[in-house]
Structure formats: structure tokens, C-alpha cells
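To keep things clear, I will list the structure first and then write my remarks on it.
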Amino acid sequence: MGRLSETYLVSVLKNQCPRCRKGKIYSSKNPYKYGETVKMNNHCPVCNQPTQLEVGFYYGTGYVSYALSVGFSVATFIAWWVIIGFSLDDNRFFWWMGINAALMISMQPLFMRLSRTLWLSWFVPYEKDWKNKGIIEGERMIEGQENNW
Ligand SMILES: [Zn+2]
């Protein structure tokens, strides 16, 4: 384990390149800016790692995003259960459903970024010596098709 800022979890949560854990994956700082949510740098600005390894590379992230949403709902359900509780005699369950849904919708841009960052991190391993090692090249990339999905 290196410094905290270089651990896997921290770099994923900060949407940093999985290879060097320094460069930013997304071109815009603000995930809530319209049209910028999943706009990525084609290459890591620090170590030059491509962020698109093949055509349709991020196609599977819908499942990751779904899993994140389910995990988030389970977490809020448990927190609500512990802090507020559920009862058949009142509307507390429906309050949880409404608040959870509102939270999930408002956090969608964050989930979308996180799921892509996670996805990339499962294909591109951390390279401590990234300055001296070769990058993991994309296969079957078509110029002009980048960022098209
Ligand atoms: Zn990098």
C-alpha cells in the first residue's frame, strides 16, 4: 500500500486513471455540467494511457451503474431501518422509497462516472513505474468513433 492518495479506492472515487492514479479521466471537473458527464480525455493527461481500449468499450457499464444503484438503495434502506425504522402502520416505507429515488436520480451523473472509472480499472492495472513502462494500447480502435457511445 502506498500513500492514501494512491490507493485503488481513492483513485477510483476521484475518477483518476487506473494506471498512474494521477491523471484525470474526465475532461470536465463538474459531472453535473450538461453534456460533460461522461466526456473523457482520450488519453490520460499524465501517463498517456488511452481511455478507450476498443469500440464499445464502455457498453457494459450499464450493468455496473445498475449494481451501484442497487447497492446504494440497500445502503439507504439499512440506514433508514436503523435510524428511522419501518412500520406497517405508517408511510415510512414509502417515504424511504421516494427519498431514495430522488437521491438516486440526483446522483446519476456520479454513478455514471464511477461505473466507467471502475470498468476501466478492471482492464488497466496500476503501474507504479508508469514512466518507464509501455502503455496498454487499445485494440480495434477506429479514429472518429471515439466517444460515440
Ligand atoms: Zn494515467
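Quick note: the sequence shown, position 145, residue 145 per our numbering, numbers continuous.
C-beta: ideal position from N, C-alpha, C; glycine also.
These figures come from a predicted structure and were not determined experimentally.
key: Start-to-end residues for the alpha helix (DSSP H) that takes in N15   = Counting along the chain, N15 falls outside any alpha helix (DSSP H), and DSSP gives it neither H nor E.
request  = Please report how far the alpha carbon of L118 lies from the alpha carbon of V12, in whole angstroms.
outcome  = In this model, L118 and V12 are separated by some 6 Å (Cα to Cα).
ask   = If you draw a straight line from the alpha carbon of F57 to that of K24, how long is it in whole angstroms?
value = Going from the Cα of F57 to the Cα of K24 covers about 18 Å.
query = Does the separation of the CB atoms of Q49 and V124 fall below 9 Å?
reply = In this structure, the beta-carbon distance from Q49 to V124 falls below 9 Å.
task = Would you list the residues whose beta-carbon is nearer than 5 Å to any heavy atom of ligand 1, in the order they occur in the chain?
result = Cβ-based neighbours of ligand 1 within the cut-off: C17, R19, C20, G23, C44, V46, C47, Q49.
task = Return the CA-CA distance between M40 and S87, expressed in angstroms with no decimal places.
result = So the alpha carbons of these two residues sit roughly 45 Å apart.
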